[in-house]
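Notes to accompany the following structure.
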Ligand SMILES: Nc1ncnc2c1ncn2[C@@H]1O[C@H](COP(=O)(O)OP(=O)(O)O)[C@@H](O)[C@H]1O
Ligand SMILES: [Mg+2]
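Chains as they are written, first to last, in this note's numbering: chain A, 1 to 238; chain B, 1 to 286.
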């Protein structure tokens, strides 16, 4: 928390037409930090990630990446500034091969380094190496999710936004995803992750945020979550 | 026998030209999400450009070499002026604006070139015929035309299947937002795709000009038939557009000979059959 933030959102308000979906959200991510965003369906988690990515324009508020305001930037510019995106529903390109999907956004990171290469990712996901010639939509759900994560990493981001990456996957495939995310975090990539599996999130993330109807009602560590267990469970509908 | 051979060649020639025109339409619809009624106008402008450019340079191939880059720049300008404002709008607004473009282009055509059909010379060195059988010849220019169309089609498929740019195009066809979120400015991609579509349609119009001549409304049939190609082939699919165009070309050519009374409705019947069997077209995604 002492490091200057990598990403900082202040007073974010987002509306879809008449519905006010994010209400004055303040959100911060330090370099290399892992943050979870929790909340029931429809509370604005996806909207928050999409706004940070530049895919949704906030009505008001400020977003800074590395100290630079990125409000009004195109998503492509934000991506090139070092934000990797793993969207809800995966967004694999079905008519590109696994390898084409993977190398799609290959580029050095904002710091000029290429830590993640095709070879590094094939090492990380041997299954994708085996299936490199298959079309994107021929993969299983778990493989597609690996591919989405790998595709985002190939741009060597300093921040990875991950939306419901384990949704709809079998337990084994989920474990794979969690292990991989842990490894990525261990390499110093900051991660903001939306997910439903509280225990896995506690293991992965240093900090947790709960969104209720577009407002942050809790912000704290895993210990904090445990300390306020009853409140947390009621807010998450557990 | 020779009649069948000629109809096959005529059908292929029509189909190949149609493919050049329809490929742009299907990409613009599939990637940009825009229904462009003015697409046939670019074919028409190509034919008239052939008239002016051959008059100046004397040769249809010089006209092609000069006309295609001009058409690309023209397309980029049209995209910047009009089309880019339509990406987030509904189809009704797209149809209205692109219909207005048709009126504009028709007006420009009448002012610049007048109301009468104009013929465009075939280069003298290609004006002969080759004999296919003992009693049947086929114009050499048409063979050259088909060869160029095939080369352009191969080049286009190579670019789409094998290059980095083609990868972007294919990705944008399935998920343009994700392309943007991975760091590629879709404004530039869309402009290039639209301009390339205009250039291909104009190339078809230029190449066809010595065979069809140039006349007002020449783009209308191309537009309607291209939409049929897009529906048959599947929105956004270049392979589908290729197969659909050749199918339509052959059905049209044989229909005119064997069932002349029904020839004009045959391609729509073909479209209906494809739609029943595969509602999203031959290569369309569900
Ligand atoms: N594109 C959209 N247009 C209109 N309303 C939307 C749109 N996307 C999401 N919403 C609404 O905004 C609210 C928050 O949605 P979302 O951010 O997807 O929530 P979560 O990811 O937490 O489930 C929901 O009420 C949802 O119906
Ligand atoms: Mg969501």
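Idealized CB from N, CA, C, for every residue including glycine.
This structure is a prediction, so every number in the text was calculated from the model and none was measured.
Straight-line Cα distance separating residue 169 of chain B from residue 189 of chain B: As a first step, residue 189 of chain B must be located in the second chain, where it is residue number 189. As a first step, residue 169 of chain B must be located in the second chain, where it is residue number 169. Each residue's Cα considered, the two are about 8 Å apart.
heavy atom of ligand 1 below 8 Å from residue 194 of chain A C-beta: If you number the first chain from 1, residue 194 of chain A lands on position 194. Closer than 8 Å to some heavy atom of ligand 1: that describes the Cβ of residue 194 of chain A.
Integer-rounded CB distance, given that residue 113 of chain B should sit under 8 Å from residue 48 of chain B: Position 48 of the second chain, counting from 1, holds the residue named residue 48 of chain B. Position 113 of the second chain, counting from 1, holds the residue named residue 113 of chain B. Contact flag correct, Cβ pair sits at about 5 Å.
Segment contact flag, the segment 27 to 34 of chain A with the segment 74 to 82 of chain A, C-beta cutoff 8 Å, min 3 pairs: The way I'd put it, the segment 27 to 34 of chain A doesn't touch the segment 74 to 82 of chain A; fewer than three beta-carbon pairs between them come closer than 8 Å.
Pick from B:279, B:239, B:273 and B:83 that is closest to residue 16 of chain B, judged by C-alpha positions: Counting from 1 along the second chain, the entry for residue 16 of chain B is found at position 16. Cα-wise, what sits closest to residue 16 of chain B is B:239.
Cβ of residue 121 of chain A within 9 Å of any chain B Cβ: Numbered from its first residue, the first chain carries residue 121 of chain A at position 121. So no, residue 121 of chain A is outside the interface.
Candidates B:75, B:27 and B:275: closest to residue 46 of chain B by CA position: Sequence index remark: in the second chain, residue 46 of chain B carries index 46 (1-based). Among B:75, B:27 and B:275, the Cα nearest to that of residue 46 of chain B belongs to B:75.
Cβ of residue 244 of chain B within 9 Å of any chain A Cβ: Walking along the second chain from the start, residue 244 of chain B turns up at place 244. It does not; no Cβ of chain A falls within 9 Å.
Sequence-distant residues of the same chain with beta carbon closer than 7 Å to residue 74 of chain A, five excluded per side: Within the first chain, numbered from 1, the residue matching residue 74 of chain A stands at position 74. Correct list, in chain order: 54.
Selection of the segment 140 to 159 of chain A by Cβ proximity to chain B, strictly under 8 Å: Listed by position, the residues of the segment 140 to 159 of chain A near chain B (Cβ gap below 8 Å) are 151, 152 and 155.
Closer than 5 Å to ligand 1: residues, by C-beta to nearest heavy atom, in chain order: The answer, residue by residue, is A:16, A:21, A:41, A:42, A:43, A:44, A:45, A:46 and A:47.
Short Cβ contact (9 Å threshold) for residue 201 of chain A with residue 38 of chain A: Here residue 201 of chain A corresponds to residue number 201 of the first chain, with the count starting at 1. Here residue 38 of chain A corresponds to residue number 38 of the first chain, with the count starting at 1. Their beta carbons are under 9 Å apart, which means residue 201 of chain A touches residue 38 of chain A by this criterion.
Cβ-based contacts, 8 Å cut-off: residues of the segment 65 to 83 of chain A near chain B: Sequence-ordered contacts of the segment 65 to 83 of chain A with chain B read 74, 75, 76, 77, 79 and 80 [C-beta pairs closer than 8 Å].
Contacts around residue 62 of chain B, its chain only, beta-carbon distance under 8 Å, and the 5 residues preceding and following it disregarded: Translated into the one-based positions of the second chain, residue 62 of chain B becomes position 62. 53 and 54, listed in sequence order.
CB contact below 9 Å: residue 278 of chain B versus chain A: Numbered from 1 along the second chain, position 278 holds the residue referred to as residue 278 of chain B. Chain A places no beta carbon closer than 9 Å to that of residue 278 of chain B, leaving this residue out of the contacts.
Pairwise C-alpha distance: residue 179 of chain B and residue 218 of chain B: Taking the first residue of the second chain as 1, we reach residue 218 of chain B at position 218. Taking the first residue of the second chain as 1, we reach residue 179 of chain B at position 179. Across the structure, residue 218 of chain B and residue 179 of chain B are spaced so that their CA atoms are roughly 37 Å apart.
Residue 215 of chain B - DSSP class collapsed to helix/strand/coil: Within the second chain, residue 215 of chain B is the residue found at index 215, counting from 1. Of the three classes helix, strand and coil, the one that applies to residue 215 of chain B here is coil, per DSSP.
Near ligand 2: residue 223 of chain A beta-carbon under 8 Å from a heavy atom: Within the first chain, the letter at position 223 stands for residue 223 of chain A. Taking 8 Å as the cut-off, the C-beta of residue 223 of chain A does not count as close to any heavy atom of ligand 2.
Three-state class that DSSP yields for residue 26 of chain B in the structure shown: To locate residue 26 of chain B, count along the second chain from 1; it is residue 26. In the structure shown, residue 26 of chain B sits in a helix (DSSP, three-state: H, G or I).
Heavy atom of ligand 3 within 8 Å of residue 28 of chain A beta-carbon: Ligands displayed in this structure: ligand 1 and ligand 2; ligand 3 is not among them.
Within chain B, the residues that residue 105 of chain A reaches when beta carbons sit closer than 7 Å: What you label residue 105 of chain A is simply residue 105 of the first chain in a count that begins at 1. Within 7 Å of the CB of residue 105 of chain A, the CB atoms of chain B belong to 182 and 183, in sequence order along the chain.
Sub-9 Å separation of residue 198 of chain A and residue 236 of chain A beta-carbons: Residue 198 of chain A sits at position 198 when you count from the first residue of the first chain. Residue 236 of chain A sits at position 236 when you count from the first residue of the first chain. Result yes, Cβ atoms of residue 198 of chain A and residue 236 of chain A sit closer than 9 Å.
Check: residue 88 of chain A C-beta below 8 Å from any heavy atom of ligand 2: One-based indexing of the first chain puts residue 88 of chain A at position 88. Because some heavy atom of ligand 2 lies under 8 Å away, the Cβ of residue 88 of chain A counts as near it: yes.
Residue closest to residue 108 of chain A, alpha-carbon to alpha-carbon, out of B:81, B:273, B:183 and B:247: Position 108 of the first chain, counting from 1, holds the residue named residue 108 of chain A. Distances from the CA of residue 108 of chain A to each of B:81, B:273, B:183 and B:247 were compared; the closest alpha carbon is that of B:183.
Residue 263 of chain B versus B:156, B:5, B:143 and B:251, residue with shortest Cα-Cα distance: Translated into the one-based positions of the second chain, residue 263 of chain B becomes position 263. Considering only B:156, B:5, B:143 and B:251, the residue with the shortest C-alpha distance to residue 263 of chain B is B:251.
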